[in-house]
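Numbering (the working numbering), first residue to last: 36 to 846.
Here it is, written out as C-alpha cells:
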C-alpha cells in the first residue's frame, strides 16, 4: 500500500504513512487489519475490490473466511459513523466484494509549508464555463437556494403524472438508445447518480410526448457529459405510482428506490414561437441548482438547459454526435418515438416512424428493430437488425453496431435459434470490450454479457461461465444506475443457481429480485421468476409452498402480453396442483392447454410435449394406465416438432409409457419401449436425469426375474441421485427402489433408503407413503398409524393403496 498521499473525506483524514486516522482533530483508534482494508479501498476507490483480492492483500496467504472480512468492514463502518443499512462510505457488492462510494480529496505529501494540491476536488464551475454558457448566448445560468426561485424562473408544483400503462420490457438485453462515441470522463468525475423526472409540459395532445421524450433527451445529454443518470425505463416504472402532485417525501422515496442521490425536474413551456425548458435539482443537494434553455424547438431548449446543468455539476459541454445537430427534424420524431415506446405504445411509435422520409437512417432502423422486438415480431426484427448491420460496419460506429448485434441475437433467441445467436453476442462483446472507455458502453456491455450468460446456460450447460458473465454484468449495471436491469439479472442468476442446486442462494436471491421487480412493475419478469421459484420449491418437495407460489400466477398472467409465458405458467400450475393431489383442477388446466393452439416463442416451444407428458403422468398417478399410455405416445409423437430438447422430460415420458404398458399387462410393448428409450438415450448420456430414468426402467425390467441385477441397477441410480442431492430426484428413485426392496423382503435396505427421504414426509405425500409401506412391512403399528394419518392429510384426491390400509402383522 502506498503512503504517498493523505485522504480526506467528510470530517475524516487518514495518513497511510503515519497509520493515523483523524476525525475533527481527534485521533481515532483502528485495528491494524481494519486500517489496511480502509486504505486499500481508498486507494482503489475507482472500482470494486473483490473479497479474495482484499483478503490476499491485507492478510497475505492466511486462510480466513468472508465472515472475518465482513466483521472488519463492519468495524470500519462503525468507526466512520456508517453501517450496513446506510452504506455511505463502503458499499457491499453482493457475492463480489466492496466499493468505496464517498467523495474523497487526495492531498499529496508536500514539503513543510508547501500548499497541498487537491486531486479529487469537488466540481467547481470555472469562469470560462460561465462565459460559454451565459454571456456568449445572452442567457444567464441560474443557481438557487433550497425553497427559493432561481433568478428569472418561478417555482411550479410538480403538475405531472404518467397516467399511462408502464412498459413491461420483453428483452433481457434492455436495449438502449444509440450510444455516444466520445471518451468517458475520469472515473471519479461523477460521484452522484441522477434521476430525471417526467417533464411538466402543456396538456395539449400534440405536446403529450414531451413528458417522457424530453425527459429521455435530458438524461441522454447529461449522461453524454459524464453524469450517471438512471435509465428512462427505470424512471417510468417507478414514477407510475407517484401522485399527480408528489410531495417531497414522494420524491425522496423515488430516489431511494432508484438508489439515486440527485433528482431533477424540468418544465417545458412555449414562449411565443420559441420554447423554454427550466431544469432544477429538487432532491439531493444542499444548494439546489437550476438552469434553463431557450430554443426554436423544445428539443433545442432542452439541450441547452441540460448542457448548462452539466456545467453546474462540474462537467463540460460536449459536441453532438453526427446526425444530432440542433433543429434536426428527425430528432423530433425520434424523441416522440422513444416516448411512445417507454409506455408500450408500439403502434403509435411505428406510425411516427412512417412520417419520416429517412427510413434507411441507422437511427430509424434501430428504433424499428427495437419496436418489432418488443412486439414479439421476431422474424421481422431479425430482418431490420440485419439491414442495420449491413449499413453500419464496426469502423464507422462500433457501438451502434454492437447494439444491432444484440438486437439480432435476441431476435434469434426468441425464435429458439440459440446456436445461431451466439456469434452475434460474441462479436458485440468483443466490440464493447474494445470500446468500454466510451460513455455508456458499460451499460451495453452489461446487456451483452447477460445475453452470453443465458446462452452459456442453455447451449453449453456452462453454469460457471454464465455466473462469471452475470457477475461482470452486475458491476456494469451498478455503475450505470440501472436498478431494473439488476433486478432482471438477479432473476436470471437465481434461476441459474437453482439449476446448479444452490437452493438457499437461489431462493434468497429470488425473493429479493421479486421484490425489486414488483417495485418496478415488471410483471413479465416477475411471472417468469415465480414459475422458476415454484419449480424449485417443488424440487425440494415443499409441495404446499410450491402450490402457494403457483396460485400467484393468476394475479400476474392477466397483465402479461406474452402468450408463451402465460402458457408455461399454466402448465406449471397444473403440475403443482397434481403434485398436491388436486387432480380435478390439474385435469381441467391440462385440458385447456391441450385444446388451445400452441403459443409461439421460446416458452411455448415444447407445448406439444409438456401438457401431454403431464397428462400421462397424472393419469398413471390416478390409476388410469390406458389414458397414461395414450397421452405418453402422443407426447413422444410430438417430440420431433419441439425445437429444443427437454431430454429429461422426454426420458420421464418414456418411463411413464413403459410403466403404463406394464400395468396393462403389455409385456412385449413394454420391452419395445425400453429398447427404443435406450437407443434414444445413447445421445443424451451427458444428462444425469436421462441416465437416471433409463436406469430405473432397466431396473424395473430386471426385477421381473433377475433380482440381483435389479439391485445393482437400483444402487447405481440411487448413488447418482445422492450425488446430485436434489430431493425430487432422490424420491423418484426411492419410490421404485423401495417397492422392489419391500416386495423382495430386503427390509434393512429399504429402511436405509426410506430414512433418507423421510425428512420430507411432513410436506410430501409420496415420501410419507414410503414410510407407511415400510412401517406396515415391519409390523410397526404405532408408527404405521401416524404415517397413515399424515398420508391421508396430504393425499388430496388420491386413493391410498388398499394393501397398506389393514393393520400390519407382527413379523
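The beta-carbon is built from N, C-alpha and C at its ideal position, and this holds for glycine as well.
Taking the alpha-carbon of residue i as reference, which of the options has the nearest alpha-carbon?
i	options	result
residue 541	419, 782, 570	570
residue 688	658, 652, 788	652
residue 785	407, 750, 623, 759	750
residue 419	114, 441, 844, 344	441
residue 700	310, 398, 736	736
residue 602	629, 300, 741	629
residue 291	280, 122, 783, 302	122
residue 422	397, 406, 484, 577	397
residue 270	294, 282, 260, 280	294
residue 845	837, 822, 604, 815	815
residue 74	53, 466, 61	53
residue 380	393, 394, 405	405
residue 78	48, 40, 661, 504	40
residue 686	708, 583, 237	708
residue 443	95, 417, 426	417
Please report how far the alpha carbon of residue i lies from the alpha carbon of residue j, in whole angstroms.
i	j	result
residue 494	residue 487	10 angstroms
residue 55	residue 67	10 angstroms
residue 764	residue 724	8 angstroms
residue 828	residue 795	14 angstroms
residue 307	residue 331	10 angstroms
residue 747	residue 666	31 angstroms
residue 350	residue 120	31 angstroms
residue 142	residue 116	22 angstroms
residue 87	residue 104	10 angstroms
residue 759	residue 477	37 angstroms
residue 567	residue 530	6 angstroms
residue 539	residue 90	25 angstroms
residue 85	residue 482	22 angstroms
residue 543	residue 310	50 angstroms
residue 377	residue 230	16 angstroms
residue 233	residue 434	27 angstroms
residue 819	residue 683	34 angstroms
residue 247	residue 534	39 angstroms
residue 23	residue 451	Because the chain is modelled from 36 through 846, residue 23 falls outside the range shown and cannot be assessed.
residue 836	residue 572	27 angstroms
residue 340	residue 403	29 angstroms
Find out if the Cβ-Cβ distance for the pair residue i, residue j is shorter than 8 angstroms.
i	j	result
residue 449	residue 401	no
residue 480	residue 462	no
residue 408	residue 445	yes
residue 273	residue 555	yes
residue 258	residue 342	no
residue 313	residue 327	yes
residue 581	residue 611	yes
residue 329	residue 336	yes
residue 140	residue 262	no
residue 616	residue 830	yes
residue 501	residue 492	yes
residue 695	residue 670	no
residue 800	residue 821	no
residue 65	residue 136	no
residue 745	residue 730	no
residue 125	residue 111	yes
Hey, is residue i's beta-carbon within less than 8 angstroms of any beta-carbon in chain B?
i	result
residue 43	In the displayed structure, chain B is absent; only one protein chain is listed.
Minimum length 4: unbroken alpha helix (DSSP H) runs contained in the region 505-579: Counting only runs of 4 or more, we get 518-534, 538-555, 558-574.
contact_flag[the region 253-271, the region 509-529] where n(CB pairs < 8 angstroms) is 3 or more: Because the criterion of three Cβ pairs below 8 angstroms is met, the region 253-271 and the region 509-529 touch.
Segment contact, 8 angstroms Cβ cut-off, at least three pairs: the region 542-562 with the region 499-516: Using a Cβ-Cβ distance cut-off of 8 angstroms, the region 542-562 and the region 499-516 are not in contact, since fewer than three pairs of beta carbons, one from each stretch, lie closer than that value.
Three or more C-beta pairs below 8 angstroms linking the region 707-721 and the region 752-764: Judged by Cβ distances under 8 angstroms, the region 707-721 makes no contact with the region 752-764, as fewer than three pairs qualify.
Meets three-Cβ-pair contact criterion under 8 angstroms: the region 583-599 and the region 553-564: Counting Cβ pairs under 8 angstroms, three or more are found: they touch.
Any 3 or more C-beta pairs closer than 8 angstroms across the region 304-319 and the region 284-294: By the Cβ test, the region 304-319 is in contact with the region 284-294, since at least three Cβ pairs between them sit closer than 8 angstroms.
Beta strand (DSSP E) segments (min. 3 residues) lying fully within the region 299-371: Segments of the beta strand (DSSP E) lying fully in the region 299-371: 309-318, 325-330.
Sufficient close CB pairs (3 or more, under 8 angstroms) joining the region 596-607 to the region 806-824: Not touching, per the Cβ criterion.
Touch test, the region 427-437 against the region 383-390, Cβ-Cβ under 8 angstroms, three pairs minimum: Because the criterion of three Cβ pairs below 8 angstroms is not met, the region 427-437 and the region 383-390 do not touch.
At least 3 beta-carbon pairs within less than 8 angstroms: the region 612-627 vs the region 646-660: With the cut-off at 8 angstroms, the region 612-627 and the region 646-660 touch.
Every unbroken beta strand (DSSP E) within the region 228-252, with a cutoff of 3 residues, ordered by chain: Given a length threshold of 3 residues, each whole run of the beta strand (DSSP E) inside the region 228-252 is given here in chain order: 228-231.
Touch test, the region 247-256 against the region 365-372, Cβ-Cβ under 8 angstroms, three pairs minimum: With the cut-off at 8 angstroms, the region 247-256 and the region 365-372 touch.
Whole alpha helix (DSSP H) elements within the region 757-817, 4-residue minimum: Counting whole runs of 4 or more residues, the region 757-817 contains the alpha helix (DSSP H) stretches 762-778, 782-792, 800-813.
Alpha helix (DSSP H) runs contained entirely in the region 690-732, provided each spans 4 or more residues: Taking only runs of at least 4 residues, the alpha helix (DSSP H) segments lying wholly in the region 690-732 are 702-716.
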